[in-house]
Amino acid sequence: MKKHPVTYRSPNYKPSKAEVFALEQYYKIHLPTDYFKFLLNHNGGYPEPCLFTKNPDLGIIAINWLNGLLKGKNGLVWNIEIYDGRIPKRFLAIGDDPGGNQICLDVSSNSTNGAVYFWDHEEEYEFDNENEILNNMYFLTNSFGSLTTNLVTDEEL
Numbered sequence: 001m002k003k004h005p006v007t008y009r010s011p012n013y014k015p016s017k018a019e020v021f022a023l024e025q026y027y028k029i030h031l032p033t034d035y036f037k038f039l040l041n042h043n044g045g046y047p048e049p050c051l052f053t054k055n056p057d058l059g060i061i062a063i064n065w066l067n068g069l070l071k072g073k074n075g076l077v078w079n080i081e082i083y084d085g086r087i088p089k090r091f092l093a094i095g096d097d098p099g100g101n102q103i104c105l106d107v108s109s110n111s112t113n114g115a116v117y118f119w120d121h122e123e124e125y126e127f128d129n130e131n132e133i134l135n136n137m138y139f140l141t142n143s144f145g146s147l148t149t150n151l152v153t154d155e156e157l
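Quick note: the sequence shown, position 136, residue 136 per full-length UniProt numbering, numbers continuous.
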């Protein structure tokens, strides 16, 4: 499979390091370096290519959008608030697929920091432990960088 750079149709606004640090401090999260740099360089966007196929149990995942420091539903703050109590606090909804499922990043300060998961809203249920990995969350890869470098096009399937 050919490796190619991912391009993003991104918003024009690029946040400062201070703004990204403020997000981390306010929500008590720890963004992995690769995602932190993504926010500074792209601040969200539509990835091209956009298909992730490394988890055979899930099949093809089309990543519709990656969240940035934006207002509204394409922004991290909106997603933190809308998924509060639905996705454990150790995860940050950083993107979605066309069906509304979320791509989540482990933002805890433990050894799993940076791992990427798929959160299936069709299997959503209430949970008690904010640190658990839910039954509707599926491991995708160890890092945001690994996620983006393994995106492929329709032609490469």
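Every residue, glycine too, gets a C-beta built ideally from N, C-alpha and C. As the structure is a prediction and not an experimental result, all values here were calculated from the model.
Query	Result
Whole-angstrom Cβ separation of Phe127 and Leu134, contact assumed at under 8 Å?	6 Å
Could you tell me which uninterrupted beta strand (DSSP E) segments, each at least 3 residues in length, are contained entirely in the UniProt domain "Knr4/Smi1-like" (15–126), listed from first to last along the chain?	46–48, 91–96, 102–106, 116–119
Let me make sure I understand the geometry here. Which of Ser16, Tyr27, Arg9, Ile61 has the alpha-carbon closest to that of Ser108?	Tyr27
Suppose you measure from the CA of Val20 to the CA of Asn136; what does that come to, to the nearest Å?	29 Å
Arg9: buried (16+ other C-beta within 10 angstroms of its C-beta) or exposed?	exposed
Between which residues of its own chain and His42 is the CB-CB distance below 6 Å, once the five residues before and five after are set aside?	Tyr8, Ser10
Between which two residues does the alpha helix (DSSP H) containing Thr149 stretch?	144–149
Compare the C-alpha of Asn129 against each of Gly114, Trp78, Gly85 and name the closest.	Gly85
Would you call Ile82 buried or exposed, if buried means 16 or more other Cβ atoms sit within 10 Å of its Cβ?	exposed
Between the alpha carbons of Asp57 and Tyr46, how many angstroms are there, rounded?	24 Å
Can the beta-carbon of Leu157 be found closer than 8 Å to that of Leu147?	no
Buried or exposed for Gly59, going by 16 or more other Cβ atoms inside 10 Å?	exposed
Looking at C-alpha atoms only, which residue of Ala93, Asn142, Ala62, Leu51 is the closest neighbour of Gly68?	Ala93
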